[in-house]
Amino acid sequence: MKTIYSKNHILRNSKTELYGGELVKPFERPERMVFIINEITERNLGPIIEPENMSTDI
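So for the sequence shown, numbering that gives the first Met the number 0 puts the first residue at 0; every next one is plus one.
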């Protein structure tokens, strides 16, 4: 399995998100990605690569 991951993900570090009418700790946060990347690495599930820059030209 190939995993596409950008270290820029850490820049999305909101303090809260609205869920069920309440402000809660975000589900998608840098600590979750650290956990996921560590699991992928420890279980040898394949390479983790940076995304490629894609043209926005049509």
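Idealized CB from N, CA, C, for every residue including glycine.
Note that the structure is a prediction, hence the values are computed from the model and not measured.
Closest to LEU17 by CA distance: which of ILE39, PHE26, ILE35 is it?
PHE26
According to DSSP, is ILE9 helix, strand or coil?
helix
Option nearest ILE9 by Cα separation, candidates GLY19, ILE3, GLU30, THR2
GLU30
Between which two residues does the beta strand (DSSP E) containing GLU16 stretch?
16 to 18
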